Ligand code: NDP
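Written out as structure tokens, the structure is:
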């Protein structure tokens, strides 16, 4: 019986990862190589003397990836890079501590349109489904608005696509027990967002990459959205805290932040903080990740790919012990 990796190698879809040195991007490169795809990584000359990025790119090369030079400020170089592959996955940064470059993808869309050979494009999404966030708070809504601008350009150019809605990255959210500004779980106390009972969805970043790579040759995800909702990781903040308390054998001191207080806190912050906190508001006060059925909107990852042994929240938390 042919294995999945052998099948991928035979089909020879070549994959280009743009933003491969990023937090999610480096995992996408690893997952693409692990699945047996010839994997290309865009090397932008602009990274200059950033030794960490260069070392990371070289480590991809050692693992079998090919580095392709190309710049967002050089259309011809982007077209040339895209022409070498069949699938493009973009993971450039969204709005958070690092920066905000989602709209730069319009340049990539133009290059893909001109190249005309791409069988699948996965833009940098990997969060809350932006199509469901038309009501989002300013200024955090910029993330969703910009991702929708990119979607519109993709669809107008008739580029075959898959959108990946990955919900909450575990590293950012579970590590801090769902508290903004925290990425390591306290052994003493925790602030509950509202009553702490709103369900959210947490996905290990390596699992996001694994599921994403599985979509690229799958007809079921063509021009469709993949929602990653691992059933055992659909938990409220209280349930995440309980999992941690069981691991450390101790109850944390709890306080609550009411919805009104949280909205007031948001207003007092600088722009980047407001953006990030706005996302927490929609996830943990409004329940935007779980307040709808997927139905005809797309496919669910753990349904499509039950063979993926996804990481459970409790197991993820063990790494902090
Ligand atoms: P990063 O901030 O780690 O950045 C990824 C890449 O962006 C970098 O490696 C870099 O590519 C590229 N980049 C930065 N500046 C530029 C530029 N000027 N021109 C071209 N490329 C640039 O991204 P993340 O991994 O944090 O985010 C990826 C996606 O995941 C985003 O869509 C984001 O919204 C989403 N996300 C979702 C979260 C969730 O909880 N659901 C949490 C965090 C992110 P290069 O290698 O070429 O330098």
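Numbering (UniProt numbering), first residue to last: 1 to 321. Note that beta-carbon positions come from the ideal geometry of N, C-alpha and C, so glycine has one too. Just so you know, these numbers come straight off a predicted model, no measurement behind them.
Proximity test, residue i beta-carbon vs the ligand ZN heavy atom, cut-off 7 Å
i	result
residue 47	This structure lacks the ligand ZN; the ligands present are the ligand NDP.
Proximity test, residue i beta-carbon vs the ligand NDP heavy atom, cut-off 7 Å
i	result
residue 197	no
residue 301	no
residue 281	no
residue 140	no
residue 125	yes
residue 91	yes
residue 132	no
residue 143	yes
residue 166	yes
residue 72	yes
residue 101	yes
residue 169	yes
residue 322	With the chain covering only 1 through 321, there is no way to say anything about residue 322.
residue 53	yes
Distance between residue j and residue i (C-alpha atoms, nearest Å)
i	j	result
residue 180	residue 285	13 Å
residue 202	residue 26	19 Å
residue 88	residue 78	11 Å
residue 350	residue 314	Given that the chain is displayed from residue 1 to residue 321, the structure contains no residue 350 and the question cannot be resolved.
residue 358	residue 264	Absent from the model: residue 358. The displayed extent of the chain is 1 to 321, so no value can be given.
residue 300	residue 255	35 Å
residue 71	residue 213	24 Å
residue 219	residue 318	37 Å
residue 36	residue 64	10 Å
residue 81	residue 174	37 Å
residue 103	residue 207	26 Å
residue 215	residue 156	22 Å
residue 171	residue 204	7 Å
residue 15	residue 189	45 Å
residue 257	residue 191	7 Å
residue 46	residue 293	42 Å
residue 30	residue 247	30 Å
residue 58	residue 18	15 Å
residue 41	residue 92	12 Å
residue 68	residue 60	12 Å
residue 34	residue 261	46 Å
residue 150	residue 13	24 Å
residue 28	residue 121	14 Å
residue 305	residue 211	8 Å
Min CB distance residue i to chain B below 8 Å
i	result
residue 53	You won't find chain B in this structure, because it holds only one protein chain.
Opposing strand residues paired with residue i [DSSP bridges]
i	result
residue 202	168
residue 72	Answer is none; residue 72 lacks a bridge partner.
residue 87	15, 120
residue 109	DSSP output for residue 109 lists no bridge partner at all.
residue 254	190
message: If contact is defined by three or more beta carbon pairs under 8 Å, each pair taking one atom from either stretch, is the segment 178 to 188 in contact with the segment 126 to 146?
response: no
query: Taking one C-beta from the segment 190 to 198 and one from the segment 220 to 233 each time, how about it: are there three or more such pairs within less than 8 Å?
result: They do not touch, by the three-pair rule.
The segment 127 to 137 / the segment 276 to 284 touching (three or more Cβ pairs under 8 Å): yes
query: Touching or not, the segment 248 to 260 and the segment 109 to 121, by the rule of three or more beta carbon pairs under 8 Å?
result: Between the segment 248 to 260 and the segment 109 to 121, the count of Cβ pairs shorter than 8 Å is below three; the stretches do not touch.
task: Check whether the segment 48 to 63 touches the segment 235 to 250, counting contact only when three or more Cβ pairs, one atom from each stretch, lie closer than 8 Å.
output: Below 8 Å, too few C-beta pairs join the segment 48 to 63 and the segment 235 to 250 to call them touching: fewer than three.
field: Cβ contact (3+ pairs, closer than 8 Å) linking the segment 151 to 164 and the segment 260 to 275
entry: no
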